[in-house]
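Reviewing the structure listed below.
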Amino acid sequence: MFAGKTVLITGGTSGIGLQTAKSFAEKNANVAIASIDCDTAADGLRDDLEAFGTKIGFYTCDVSDFDAAGAAVKQIAEDFGAVDILINNAGITRDGLLIRMSETDFDRVISINLKGCFNFSRHVSPLMFRKKSGRIINISSVIGLYGNMGQVNYAASKAGVVGLTKSLAKELGSRGITVNAIAPGYIETAMTDKLDEKIKEKLFERIAMRKLGKPEDVANLAVFLASEQAAYITGQVIQVDGCIAV
Ligand code: NAP
Numbered sequence: 001m002f003a004g005k006t007v008l009i010t011g012g013t014s015g016i017g018l019q020t021a022k023s024f025a026e027k028n029a030n031v032a033i034a035s036i037d038c039d040t041a042a043d044g045l046r047d048d049l050e051a052f053g054t055k056i057g058f059y060t061c062d063v064s065d066f067d068a069a070g071a072a073v074k075q076i077a078e079d080f081g082a083v084d085i086l087i088n089n090a091g092i093t094r095d096g097l098l099i100r101m102s103e104t105d106f107d108r109v110i111s112i113n114l115k116g117c118f119n120f121s122r123h124v125s126p127l128m129f130r131k132k133s134g135r136i137i138n139i140s141s142v143i144g145l146y147g148n149m150g151q152v153n154y155a156a157s158k159a160g161v162v163g164l165t166k167s168l169a170k171e172l173g174s175r176g177i178t179v180n181a182i183a184p185g186y187i188e189t190a191m192t193d194k195l196d197e198k199i200k201e202k203l204f205e206r207i208a209m210r211k212l213g214k215p216e217d218v219a220n221l222a223v224f225l226a227s228e229q230a231a232y233i234t235g236q237v238i239q240v241d242g243c244i245a246v
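Note that the working numbering gives residue 118 to position 118 of the sequence shown, counting from 1, and the numbers run on in steps of one.
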């Protein structure tokens, strides 16, 4: 499906990003992963990903650092020849009620979750301009659409990703580049493992499908949005949340 194409996934060493890397490699894409600690992660992951038979590369990079993002993109373009698909997935939470939230926790979440998307989109889009084609897929969250107590930083960052996505889609559409966001609900990853069982049970009551989603549920949509079948879909925010009540 993606033979000869390169997908760049930020935060591709665990959870949704890792599953997305596997799903694209399975569909013959070359995969470049830019993440905060590739040195620790790469040993275990390289074999798993290379088993699909495509080219795999790991690039240690803090997505919140504009210059480091630029250097990673430059190196990936040299190593792979192009970036056809960008998935801005790296993200963190630093939860707490506003009354107790530190400036550091607010800034860090915005820098990684929102500015990280800007940094990579800014550095990758000139490569896509030249090819007059490309796909940018940003991982937002239902929290960015509906808000959540204890997550003003996270919700603001993910709402920002929605605004960035819709604006960038308008800027890049005439160049043959689509830009969409996926807003996952609660997905089984390290991020949601932190939730205690009682909170999870309460969550199930709010989810029509009565269960958490799996990283595959998000990865499947990313694969679709990057495919030819989605060529005329841009500027959209698509929820993968089992129909969550707000
Ligand atoms: P995860 O398992 O914690 O994965 C996050 C990834 O981002 C990890 O590879 C992490 O690397 C990397 N990362 C963290 N800080 C980084 C930085 N400064 N620079 C580069 N990479 C960095 O989380 P996940 O659940 O898969 O989340 C993936 C995305 O989906 C996030 O944007 C998250 O907000 C979003 N999302 C998740 C859910 C959910 O329920 N899980 C719901 C909605 C949206 P390390 O592991 O080395 O720290």
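We put the beta carbon where it would ideally sit given N, CA and C, even for glycine.
Out of the options, state which residue places its alpha-carbon closest to the alpha-carbon of residue i.
i	options	result
A82	V73, N88, A90	V73
D107	F120, S121, G91, R122	G91
V218	R175, N88, S133	N88
I183	E205, G242, K211	One detail in the question is off: residue 183 reads as Ala in this sequence, not Ile. That would be G242, whose Cα lies nearest to the Cα of A183.
L8	I76, R46, E188	I76
I36	T13, S111, Q239, A3	T13
A231	A222, S140, G176	G176
L98	S157, V237, A34, M149	M149
L221	T10, K5, S23, T6	S23
K170	Q236, M1, L86, T40	Q236
L18	A34, K5, T6	A34
L49	T6, N113, R122, A25	A25
F52	A21, H123, F129, T104	A21
S121	L195, G147, G96, S167	S167
L86	S133, G96, G213	S133
Taking the alpha helix (DSSP H) that residue i belongs to, which residues open and close that run?
i	result
R46	38-50
S269	With the chain covering only 1 through 246, there is no way to say anything about residue 269.
S125	116-131
I99	Segment: none, I99 is in no alpha helix (DSSP H) and carries neither H nor E.
I143	142-146
I199	197-206
F224	215-226
A183	No alpha helix (DSSP H) holds A183; the beta strand (DSSP E) holding it covers 177-184.
T104	103-109
How about residue i and residue j: do their beta carbons lie closer than 7 Å?
i	j	result
A181	V161	yes
F66	N30	no
A155	G144	yes
A251	F58	Residue 251 lies beyond the range of the chain shown here (1 to 246); nothing can be said about it.
V142	I244	yes
D84	R94	no
Y146	V223	no
In whole angstroms, give me the CA-to-CA distance for residue i and residue j.
i	j	result
T54	L225	20 Å
K248	L127	The requested residue 248 does not occur in the structure, where the chain is confined to residues 1 to 246.
I207	G185	9 Å
E78	K131	15 Å
I110	S157	5 Å
V194	D39	Just to set this straight, residue 194 is Lys in the shown sequence, not Val. Their Cα atoms are separated by approximately 24 Å.
G11	N119	14 Å
V240	S64	26 Å
K5	F129	16 Å
D196	S174	46 Å
S140	A32	21 Å
K115	G44	29 Å
Tell me which residues share the same chain as residue i and place their Cβ nearer than 6 Å to its Cβ, disregarding the 5 neighbours each side in the sequence.
i	result
T178	R135, T234
N138	N88, C117, V161, T165, A181
E228	none
A159	G144
S102	none
N113	G91, S157
H123	A69, G70, V73
For residue i, which residues in the same chain have their Cβ closer than 8 Å to its Cβ, ignoring the five residues on either side in sequence?
i	result
G15	I187, T189, A190, M191, P215
R46	I56, F58
Please list, in chain order, all residues of the same chain as residue i whose beta carbon is under 7 Å from its beta carbon, the five residues on each side excluded.
i	result
L172	S125, V179
A62	For clarity, residue 62 is Asp in the given sequence; the question names Ala instead. Cβ within range, chain order: I36, A68.
A3	N28
F204	R210, K211
How far does the beta strand (DSSP E) with residue i in it reach, from first residue to last?
i	result
I9	6-10
S167	No beta strand (DSSP E) contains S167, which is instead part of the alpha helix (DSSP H) from 152-172.
V237	237-240
A32	30-35
T189	No beta strand (DSSP E) holds T189; DSSP gives it neither H nor E.
L86	85-88
I136	134-139
I56	56-60
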